[in-house]
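Contents: one structure, followed by commentary.
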Amino acid sequence: MKKSLILLAACLIGGAAFAQQTNPLLQHETEITEIIKTMTLEEKVNMLHGKNMFSSAGIERLGIADMEYADGPFGIREEMEPHSWMPLGWETDRATFFPTGSALAATWSPEIAYEYGKGMAIEAKLRGKDMILGPAMNIQRLPTGGRTYEYLSEDPILSGELAVGYTLGSQDQNEAVCLKHFAVNSQENMRGFVNVNISERALREIYLTPFEMAVKKANAMGVMAAYNKVWGTWCSENFTLQETILRNEWGFKGMIISDWGGTHSTVGAVTGGLEVEMPGNTYMGQALIDSVKTGAVPMNVIDARVRNILRVRLAITPVPKDVANTKVTSQPETQAIAYKVASKSIVLLKNEGVLPLASKAKTIAVIGDNATRTMGLGGVGAGVKTLYEVTPLEGLQKALKGKAKIRYARGYEPAPRAGWGQQLPENAMEEYAKRMATLKKEALKAVKGADLVIFVGGNNREVETEGSDRTSIQLPFQQEELMKAIAEVNPNIVAVMVAGAPVDLREVNKIAKGLVYSWFNGTEGGNALADVLTGKIAPSGKLPFTLPVKLDDSPAYALGVYPQQEQGGGDVFVNLVNRDRFAVRKADADYSEGIFVGYRWYTTKNVKPMYPFGYGLSYVDFKYTNLAAKVEGETIEVTFDLANQGQMEADEVTQVYIARPDSKVERPKYELKGFKRVAVKGGETTKVTISIPKDNLRHWNEFQHAWNVENGKAVIYVGGSSDNLPLQTEITL
Ligand code: GLC
C-alpha cells in the first residue's frame, strides 16, 4: 500500500503527467491491435451492449472474459438474476455497508478515501466483479437531491481529491472504477430526460473538475454516462463531453458505459463516444451491425470502441468463476475500514457541555426510529444487503454496558407509503396517527427522570433515494414536535441526525444541547457513533456541504430554477420497467447560479447558513499560528502551526481558501483550494504544510474557451471551517 500512497501523494502534488506514464490501460496496445484484426463485426458489436443485467460480453472464441459490473458506490450490491432486477437471495453476497458518499466526504481525507476504494475493491473481487459502479461523485447542487447522500460534496476540489483516493485505492487492487454520472446529474426528479442549460465556466470549474481530477490523477478506467442531457444532447451521445473533453482533452483511455436505460440512439451513441449500452441491446446490438453494413457507422469507430473496452479488460485480471462467491463478501479487514471511515466522518455541530457523555449520566433515554433502523438497503441501485449493521442503539448499549442504564423508545415511525402504482388502505393515516400518539407517550415516559436523552432522528433510505428528490428539508415524521414535547419533560438532549443530506435544523438547534451529524454511516456506524459520544475518540468530521437555515436560502431555490416544470413524468426506471421509455418528455434545468454553488453562494451573497461548509467541532480547541505562504515553481506552499490545546489526541481538518480580489472575472468571495487532515496529540503543536498546485487557482475563460491562471494578488485564508479562518496572508502570482 505504501507505493500507492506515494503515488497518491505524487498525484495530488504532481498531477496528470505522473499518472499518465503509469497508466495500466496503455500496456497492451499492440496485443489489442492484433486481437481486433481477428475479430468479426458480430464479435465486436457483441461487446458493445449488455449481456446480462450487470455484465457485457468479452470474446468467447479468444477466451477473453466478460466484463462483470457491481453496483453500489458504498457497498457491493447483492447478486441479481441475469436478466431481471430480482435478487438471487444468496447468503455469500452479504457485503460491508461502507459509509455513504457524504459521510466519506465528511472525513476530508484522500487517504481514507483510498482505504475506502481498497475495501470496496476487495469485496468486489470476492464477488468476481471487474468494475465497481462508483464512486458516485456529482456535485451536490441541491440540498433536496435524492442522491446528495450518495455523492460527495458541493465543492469540486474536495470531491475530486476524494474521488482520486477512492479510484487509486480500488484500481491498486486491480478493480476498475466507474466514475458516475458523467455529467451534471445533480437531480433525481426527471433525471431520465432533464436538459441542463449551464454556462461553460460553471460546467468546467464546478461540475466537471472532480471527474477531470480522477481521470488525470488516478487513471480512472470507467465512466458512466448520465441519464440527462447537457446543452440539448443526451450525455450518452454527447460528443463534446465524451470525446472532445473526456478523451481528447483529459486523455481518458478507458471505457464509457451508459446508465441503465440511458442509451438513446445507435449512430449518435457509438459515434458520440459510448462504448457499452447497458442493459440490453436495443441500440448497440443488431441495429449497430446494420448501421455498419449500411455505412452509417465506419468500422474504425467500432474498432475504437472495442479497443477502449479491451484496454480495461486486459488491465483487469478476471476472477475465475470457481473462485468467485466462495467466501462471504464482508470480511473483518473491510469491516475495519468501514469503522475507520465512520469514526472520522461524524460532525459535532453543537456542544453545550453535554458531550462526551459524562460518567454521571447513569440513566440515558435513547429515543428515535433511527436508533434502531438499519440503513444498508434502499436507494435502488445503492442498496447493500449487509452481513451485519451496528445501529446507534446497539453501539451505545455495547459501549455503555455496565456504565449506564439505557431506556429505548421509538418515539416515532415512518409514515406509511403506497408502493409503486398502489393506494394506501383507507384508514391507513388514521391508524398511523394512533400509533404515533402511543409512541410519543412511551417516549415521554422513557425520558422522564433520565439523566440524558439521546434523540436519534433524521432521514432514512426511503426519504433520501435515487429516483426522486425531496420536496423539502423538513425533518419527516413529526420529529420536531416530538422533540419539543421531550424537551418539556427533559431538556438534557443530545440530537443525532442520521441523514445523508441537509435537514432543517432550526428547531432542533434550539432544543438540543448537543447536536451531531452521523450520516448513513455504514455497517460499523453504531460503534463509531458510540465511540464519539462516549469520548473514546474525538469527533473530527467536517461538513462537506452547507447546512442552510432554510431551503429557500439555497441557490437554485433562491433563484427559482428548481424544481422545473415537466411535460409527462415518471422515473426512468418506471418507464424502463413499464416499457414506456419512448414517451417524449422534456424539462429544462437552468443552472442560473453558475459557479455560485454551495458556500460560494452563501459567502458571496452574505446569506448566513445554519452551519457552514467545512464546519465541525472537536472535544479540544485548536490554535492556528505562524502562517507563511510562498510560490515554489508550480505550487503554492502554505505552512502554519497547529496546536491542540486540549488533553486528548484529536484530528483537525485544516482548510485553505483563496480569494482573488483583483480578478478580472466574477469570483466567489473565496474558494477551497487545499486541505489536510492532521492528528495532533493533546498539548502538542505540529507544523502543517499544504502544497497547492497553482493550477487549482485556474478559471475558465469563456472567450478563449480555455483555462487561465490569473496573475496578481491571491489572499490566503487558513482555518478549521469556511467561516472560521483565523490566519490570513497574501502572495502575488
Ligand atoms: C441506476 C443508477 C446508476 C446505477 C445503475 C445500475 O439507474 O443511476 O447509478 O449504477 O442504474 O443499477
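For reference, each letter of the sequence shown is one residue, going 131 to 863 in the numbering used here. Every residue gets a Cβ at the ideal spot worked out from N, C-alpha and C, and that includes glycine.
First and last residue of the alpha helix (DSSP H) that includes residue i?
{"i": "Met408", "result": "Where Met408 is concerned, there is no enclosing alpha helix (DSSP H), given that its DSSP letter is neither H nor E."}
{"i": "Leu256", "result": "Pro240 to Leu256"}
{"i": "Ser648", "result": "Run containing Ser648: none; DSSP gives neither H nor E here."}
{"i": "Tyr469", "result": "Pro462 to Ser473"}
{"i": "Ser232", "result": "Gly231 to Ala235"}
{"i": "Lys640", "result": "Arg636 to Ile641"}
{"i": "Arg565", "result": "Ala558 to Val577"}
{"i": "Tyr296", "result": "Pro286 to Gln301"}
{"i": "Lys614", "result": "Gln609 to Val619"}
{"i": "Asn732", "result": "In the sequence as displayed, the identity of residue 732 is Tyr instead of Asn. Tyr729 to Thr734 is the extent of the alpha helix (DSSP H) around Tyr732."}
{"i": "Asn657", "result": "Gly655 to Leu663"}
{"i": "Glu280", "result": "Here Glu280 belongs to no alpha helix (DSSP H), and DSSP marks it neither H nor E."}
{"i": "Leu171", "result": "Leu171 to Asn176"}
Given residue i, which residues of its chain have a CB within under 7 angstroms of its CB, disregarding the five upstream and five downstream residues?
{"i": "Leu486", "result": "The question names Leu, but residue 486 in the sequence shown is Pro. Leu663, Thr664, Gly665 and Tyr749."}
{"i": "Trp830", "result": "Glu330, Arg331, Arg334, Glu335 and Trp837"}
{"i": "Asn854", "result": "none"}
{"i": "Met131", "result": "Caution applies to Met131, whose pLDDT of 44 falls short of 50 and renders its modelled position unreliable; the value that the coordinates give is listed next. Hits under 7 angstroms: none found."}
{"i": "Lys817", "result": "Thr769 and Asp771"}
{"i": "Ile603", "result": "Pro273, Thr274, Pro632, Val633, Asp634 and Leu681"}
{"i": "Thr230", "result": "Phe204, Tyr279, Glu280, Gly630, Trp649 and Phe650"}
Under 6 angstroms Cβ to Cβ from residue i, same chain only, skipping five residues before and after it: list those, please.
{"i": "Asn176", "result": "Ala187"}
{"i": "Val314", "result": "Val326, Tyr337 and Val360"}
{"i": "Thr859", "result": "Leu757, Ala759 and Ile846"}
{"i": "Ala576", "result": "Ala495, Arg537 and Ala539"}
{"i": "Thr755", "result": "Asp771"}
{"i": "Ala146", "result": "Low confidence applies to Ala146: its pLDDT is 47, below 50, so where it sits in the model is not reliable, and the reading given next is rough at best. So the list reads Lys346, once near-sequence residues are dropped."}
{"i": "Ala91", "result": "No information on residue 91 is available, as it lies outside the stretch 131 to 863 that the chain covers here."}
I want to check one thing, is the minimum distance from the CB of residue i to the heavy atoms of the ligand GLC below 7 angstroms?
{"i": "Ala686", "result": "no"}
{"i": "Ala266", "result": "yes"}
{"i": "Trp390", "result": "yes"}
{"i": "Glu560", "result": "no"}
{"i": "Lys310", "result": "yes"}
{"i": "Gly511", "result": "yes"}
{"i": "Glu596", "result": "yes"}
{"i": "Asp581", "result": "no"}
{"i": "Asp223", "result": "no"}
{"i": "Asp201", "result": "yes"}
{"i": "Ala218", "result": "The question names Ala, but residue 218 in the sequence shown is Leu. Checking the Cβ of Leu218 against the ligand GLC gives no."}
{"i": "Leu404", "result": "no"}
{"i": "Leu855", "result": "no"}
{"i": "Leu282", "result": "no"}
{"i": "Leu263", "result": "yes"}
Do you know whose CA, among the options, lies nearest residue i's CA?
{"i": "Leu857", "options": "Asn841, Glu832, Thr784 and Thr816", "result": "Thr784"}
{"i": "Val432", "options": "Lys167, Tyr741, Glu211 and Asn153", "result": "Before going on, a small fix: residue 432 reads as Ile here, not Val. Per the Cα distances, Lys167."}
{"i": "Val471", "options": "Asn841, Met320, Ser239 and Ile387", "result": "Ser239"}
{"i": "Lys667", "options": "Met778, Val839 and Gly276", "result": "Here the sequence assigns Ile to residue 667, which means Lys is not the residue at that position. Among Met778, Val839 and Gly276, the Cα nearest to that of Ile667 is on Met778."}
{"i": "Trp380", "options": "Tyr357, Thr393, Ala399 and Val353", "result": "Val353"}
{"i": "Lys513", "options": "Ala200, Asp196 and Glu482", "result": "Note that residue 513 corresponds to Gly in the displayed sequence, not to Lys. Per the Cα distances, Ala200."}
{"i": "Ala293", "options": "Lys346, Val324 and Gly322", "result": "Lys346"}
{"i": "Met169", "options": "Leu192, Lys643 and Met183", "result": "Leu192"}
{"i": "Glu342", "options": "His311, Glu318 and Gly322", "result": "His311"}
{"i": "Glu592", "options": "Lys490, Ala236 and Thr504", "result": "Thr504"}
{"i": "Ile476", "options": "Met740, Leu234, Ile206 and Ile766", "result": "Leu234"}
{"i": "Ala545", "options": "Ile269, Lys531, Lys564 and Ala534", "result": "Lys564"}
{"i": "Val737", "options": "Phe726, Gly812 and Pro606", "result": "Phe726"}
Starting from residue i, trace the beta strand (DSSP E) both ways and give me its first and last residue.
{"i": "Lys480", "result": "Val477 to Asn481"}
{"i": "Met197", "result": "Met197 to Ala200"}
{"i": "Pro823", "result": "Thr815 to Pro823"}
{"i": "Trp830", "result": "His829 to Asn831"}
{"i": "Ala719", "result": "Asp718 to Asp720"}
{"i": "Lys167", "result": "Here Lys167 belongs to no beta strand (DSSP E); instead the alpha helix (DSSP H) covers Glu159 to Thr168."}
{"i": "Lys181", "result": "Gly180 to Asn182"}
{"i": "Ala688", "result": "Segment Pro685 to Ala688 is the alpha helix (DSSP H) holding Ala688; no beta strand (DSSP E) there."}
Ignore the nearest five residues each way along the sequence and tell me which others in residue i's own chain have a CB closer than 8 angstroms to its CB.
{"i": "Leu569", "result": "Ala539, Arg540, Gly541, Tyr542 and Glu543"}
{"i": "Leu689", "result": "Ser722 and Glu723"}
{"i": "Trp220", "result": "Glu208, Glu209 and Asn455"}
Please decide whether residue i counts as near chain C, where near means a Cβ-Cβ distance under 8 angstroms.
{"i": "Ala836", "result": "Absent from the structure: chain C. Only one protein chain is present."}
_Any alpha helix (DSSP H) of 4 or more consecutive residues that is wholly inside the region 390–460_ = List check, alpha helix (DSSP H) in window: 397–402, 416–423 and 429–445.
*asked:* Restricting to runs no shorter than 3 residues, where is the beta strand (DSSP E) found entirely within the region 323–371?
replied: Complete beta strand (DSSP E) runs here, min 3: 325–327 and 352–355.
*Every unbroken alpha helix (DSSP H) within the region 521–545, with a cutoff of 4 residues, ordered by chain*: Runs of the alpha helix (DSSP H) inside the region 521–545: 522–529.
*Run through the region 740–822 for me and flag every whole alpha helix (DSSP H) of 4 or more residues, listed as ranges in chain order.*
Runs found: none.
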